[in-house]
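What follows is one structure encoded as structure tokens, with my remarks underneath.
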Amino acid sequence: MPHDLPKAYDPTAIEDHWAEYWVREKLFAQPTPGKEDPLGGQSPFTILLPPPNVTGNLHMGHMFEHTESDILMRWHRMRGERVLWIPGTDHAGIATQMLVERQVVSEGSTRQKMGREAFVERVWKWREHYGGTILNQMKRLGASVDWNREYFTMDERLSVAVREAFVRLYEQGLIYRGAYIVNWCPRCQTAISDLEVVYDEHKGHLWEIRYPVHDDSGRETGEYLTIATTRPETMLGDVAVAIHPQDERYTHLHGKKLGLPLMNREIPIILDDWVSREFGTGAVKVTPAHDPNDFALGERHHLPSINVMDDTAHINENGGQYAGLDRFAARKEIVEELTAQGLLAGIKDHVHNVGHCDRCKTIVEPRLSTQWFVKIQPLADKAIAAVRPDAQGNKAIRFVPEMYEKTYLNWMENIHDWCISRQLWWGHRIPAWHCPVCHKITVARQDPAKCAHCGSDQITQETDVLDTWFSSGLLPVSVFGWPDITPENRADFDTFYPTSLLVTGFDILFFWVARMIMLGCWFSNEVKMSDGSDRPLSESVPFREVYIHALVRDANREKMSKTKGNVIDPIEIVKQYGTDAVRYTLASMASPGTDIAFNVARTEGYRAFANKIWNAARFIFMNVDRAAEVGIAVDPAALGTMPIMGPDAPLEARWIVSEIHATSASVNHALENYRFDEAANTIYQFFWGSFCDWYLEIVKLRLDFSESADKFATKAELTTLVSVFEAALRLLSPFMPFLTEEIWHAVYDGAPPAKSIALTRFPQASPAGLDAVASGEMTLVQSLIVEVRALRKEIGVEEKAAVPIEVRADAVLRELADKNRDIIERLARVSRVHFVEQISAGVSKHHAASFDVGVVYERTIDVAAERERLTRDVAKYEKGL
RNA sequence: GGGCGGUUAGCUCAGUUGGUUAGAGCACUUCCCUUACAAGGAAGGGGUCCGGGGUUCGAGUCCCUGACCGCCCACCA
């Protein structure tokens, strides 16, 4: 028998096979629409996979995200849409450079020794060898992406887009270069953006330092002004001390100067409203080169900036005797020296937030440095308009859950210019050239030979590269060919842009989602519509919806982290329970607004569910084979749609068909609202609770293959059985693609109507399929059976014994019960159903809403056995106390 | 400092626009290896829906308020 399944469900045996099959057969490839487009007219459903870092390994968060996306992709595909899911990897500037640099160091070299070119070459080699890990893991997990369109953010094609975007923004006056305070990571030795700084509460100190007051001729008056600081080492770069103009304590110091201890420099006292009179001593040292607030203060008061640290946060030549010391060593020495000179007024404990590098956790040093910035306001304005409801209440981009809309808008409305330069080697090099002659900058699409301003051929290219998010922010336009949108070459862009949906995590809402909206709206807006008209904002957005998923935590709701050692490797769990069971776990726990506490107990449960389905299949196939032996076969034409029953069909058939219609209606509805949990739970309930527990048990009565049986009726019931099951497989397929693929092929006994269940149609409910009468009747029959079963337990009827029951009911229910007598007898183990006006005296009975039922049973008590059982119970309870 | 989310069974979570007796999975108890499945079947036990007030015929659900937990943004030296 070709569709004979092995006795036990073994996920590993089937999953590898189908994963490989799907990729090999290119089942999910979505080619660029041609002139003769076979899918013309089908609405597109497009998702851009958030590209994982090329250095990455698949973790639970990825698997969760991919599960949700894949369910949606498979569902839309099965609804007959033109679906496209594009995979790729991100070059991940800092992360990748760090990783390869560590390797180089372990080999006794350094990136500096190698030189830029050789090092970058080395990174490319690394990427060739190891860069595919995470995508291979995705393949194994069955993600239905189009592998033909796989990209890497540093591919030639995408690099062209990055360069074009930079040049255009520069030409539009939206990129500038200048010296500002930026967050500097001394370990990565690069600037990082505000977003890449994570703040941690830190128990530190507030050092109070006395600055001597000078008279007009520069001599100490003997008075001191005490300032408070958390970073004493920055005093080396102090250029002033600020006080509040209305601070009466210091009125007499207005216009005076102070001596800067340790540096023999005189600095002014300045007045500024920004100073808080309540904090510290009410006097604040001003170090424009090392603090953003001080920098602003310096600008306002036209003060110089003295940068006292180098790229590694060691004190530089501006730090006098402390030059060469690490910032924290310098802090220690400076505090000691101040103490020795009697200038330390006090040390107070102080809890404050300290910024760390998101990548390497090193304490960030705010530091004056020359960087490239995007003037962000014009882009942000568009990005706000794209999300905020217009006068009609329409939004070009919709957030799900909706609350993120507020978070997004709040951030976008308070945005600062974006520092896009990084002092790294791995990344898109900024297309700007410096001229040593006229000191002007040449920015160009093609590498220039000469300075555009003075013609000098001495120009050198900027060494900085771009923030990784600059290139990933362009992906929605660049993957579809931008900027090369020509009449002959715009089918992808016209068909797939804007994409339909973005599925991603909250953690990259600002990093990536916001940047895509800004850059996507900005650049696509310049691309005319295919009919030549101007592109409205609603067609400029990179995606129409953003679905923000939850975070996956461990079973104790702790964040998974390597240091805690509580990381659950999805690949390991998959090996143990199968991809389908893990996917189902994630889907069923994906409730909006709450993080997922991943618990393998749930996965065990869903492996059991998969096993249940497997065994239902075995049962069905067994009966199909038995039927074949007596010449009964199910017409394959009855499969692949949704069955509809006539009024004369048996109750259980009408009921189960109605159930699957109701289930598919509810699953479709749930998926439309991204309620993966509802969808998964509904299917689970249908399959286990209705189909297996009730329908399969009843159908055993009908599958009579004996000579005397009504072959027509048997065939009808078998057809219902197989067609409902086949529809259930399709319903389940987006959630458990492997198991359903395997069984679906078996249903068709090696001659399936398509290459994959993924290419069939998703079950859709129709009004004709819903049978309220059958539902109501079945509910009554079920409750009668449940009451009898409960009664049997109560009065201690042996499991195997069939007993007579008495039923008191109205005429309608009596007729129903009579008609379905065989069901009641089998499922409740009843030997005879007596309809009575009143349950006989002495018979144990239950009252239900519409009937009374009694079980007729003379209980013979085995005194010895009963005593033993009760003694056991007593002993157990006593032990429990 | 500003904002957001959460608090329902032992655990993890559902609970649509307010409407009968608040649900599921896991765990637990009892019985059953009934020829699809013991990764199973059947029947059970278990809840002051965080506290307090209010609206209502009716509140887990709406309003106010408090507590606790979590997250994000800002970053006064």
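Start counting the first sequence at -5; every next residue gets the next number (the working numbering).
Virtual Cβ for every residue (Gly too), placed ideally from N, Cα, C.
A quick note: this is a predicted structure, and the numbers were derived from the prediction, not measured.
>> Is it buried or exposed, residue 627, if we count other Cβ atoms within 10 angstroms and call 16 or more buried?
In response: exposed
>> In whole angstroms, give me the CA-to-CA distance for residue 89 and residue 153.
In response: 19 Å
> Given residue 584, which residues of its chain have a CB within under 6 Å of its CB, disregarding the five upstream and five downstream residues?
Replying inline: 670 and 671
>> I'd like to check one pair, residue 540 with residue 567: are the Cβ atoms closer than 8 Å?
In response: no
>> Taking only three categories from DSSP, how would you classify residue 540?
In response: strand
> Which residues in the same chain have their Cβ closer than 7 Å to the Cβ of residue 303, if we skip the five residues on either side of it in sequence?
Replying inline: Counting only Cβ-Cβ distances below 7 Å, and skipping sequence neighbours, we find 309, 310, 321, 359 and 361.
>> In whole angstroms, give me the CA-to-CA distance for residue 125 and residue 513.
In response: 27 Å
> When you compare each of 135, 543 and 779 to residue 499 by their alpha carbons, which one comes out closest?
Replying inline: 543
> What's the gap between the Cα of residue 390 and the Cα of residue 535?
Replying inline: 7 Å
>> Counting C-beta neighbours from all protein chains within 10 Å, is the total for residue -5 16 or more, i.e. buried, or is it exposed?
In response: Bear in mind that the predicted position of residue -5 carries a pLDDT of just 37, short of 50, making it unreliable; the figure below should be weighed with that in mind. It counts as exposed.
> Which value, in whole angstroms, describes the spacing of the CA atoms of residue 2 and residue 731?
Replying inline: Each residue's Cα considered, the two are about 18 Å apart.
> If you draw a straight line from the C-alpha of residue 875 to the C-alpha of residue 651, how long is it?
Replying inline: Because residue 875 carries a pLDDT of 40, less than 50, the predicted location of this residue cannot be relied on, and the following value inherits that uncertainty. Spanning the two alpha carbons is a distance of roughly 51 Å.
> When the Cα atoms are used, what is the spatial distance from residue 684 to residue 704?
Replying inline: 26 Å
> Going by C-alpha distance, which of 762, 573 and 678 is nearest residue 649?
Replying inline: 762
>> In this structure, how does DSSP classify residue 593 when only helix, strand and coil are distinguished?
In response: coil
> Taking the alpha-carbon positions, what's the residue 229 to residue 286 distance?
Replying inline: Between the alpha carbons of residue 229 and residue 286 lies a gap of roughly 15 Å.
>> Checking 8 Å against the spacing of the C-beta atoms, do residue 140 and residue 36 come in under that value?
In response: no
> According to DSSP, what are the bridge partners of residue 365?
Replying inline: 172
> In this structure, what does DSSP give as the bridge partners for residue 798?
Replying inline: 826
> Nearest-angstrom Cα distance between residue 733 and residue 718?
Replying inline: C-alpha separation (whole angstroms): 17 Å.
> Alpha carbon to alpha carbon, how far is residue 256 from residue 464?
Replying inline: Computed Cα separation, rounded: 43 Å.
>> What residue range does the alpha helix (DSSP H) around residue 792 cover?
In response: Here residue 792 belongs to no alpha helix (DSSP H), and DSSP marks it neither H nor E.
>> If you follow the beta strand (DSSP E) that residue 38 is in, where does it begin and where does it stop?
In response: 38 to 42
>> If you reduce the DSSP assignment to three classes, tell me which class residue 11 lands in.
In response: helix
> Near residue 292, what residues of its chain come up, given a Cβ to Cβ distance below 7 Å and the 5 sequence neighbours on each side ignored?
Replying inline: 233, 280, 282 and 299
>> Short of 7 Å in beta carbon distance, which residues of its chain neighbour residue 558, apart from the five on each side in sequence? Order them along the chain.
In response: 552
> Going by Cα to Cα distance, which pick from 511, 335, 420 and 289 is closest to residue 380?
Replying inline: 511
>> Using 8 Å for Cβ pairs, my map puts residue 561 next to residue 555. What's the rounded Cβ distance?
In response: 7 Å
> With contact counted as at least three CB pairs below 8 Å, one residue from each stretch, are the segment 750 to 765 and the segment 596 to 610 in contact?
Replying inline: no
>> I need the DSSP call for residue 146, collapsed to helix, strand or coil.
In response: Taken through DSSP and simplified to helix, strand or coil, residue 146 comes out as strand.
> In three-state terms, what does DSSP make of residue 494?
Replying inline: strand
>> Going by DSSP, what residue range makes up the alpha helix (DSSP H) through residue 128?
In response: 127 to 134
>> Using C-beta distances below 7 Å, list every residue in its chain close to residue 7, excluding the 5 sequence neighbours before and after it, in chain order.
In response: none
> Which one of 825, 163, 802 and 832 has the shortest CA to CA distance from residue 844?
Replying inline: 802
> In terms of residue numbering, what span does the alpha helix (DSSP H) encompassing residue 375 cover?
Replying inline: 371 to 381
> Along the chain, where does the alpha helix (DSSP H) that runs through residue 113 open and close?
Replying inline: It spans 110 to 124 - the alpha helix (DSSP H) in which residue 113 sits, taken as one unbroken run.
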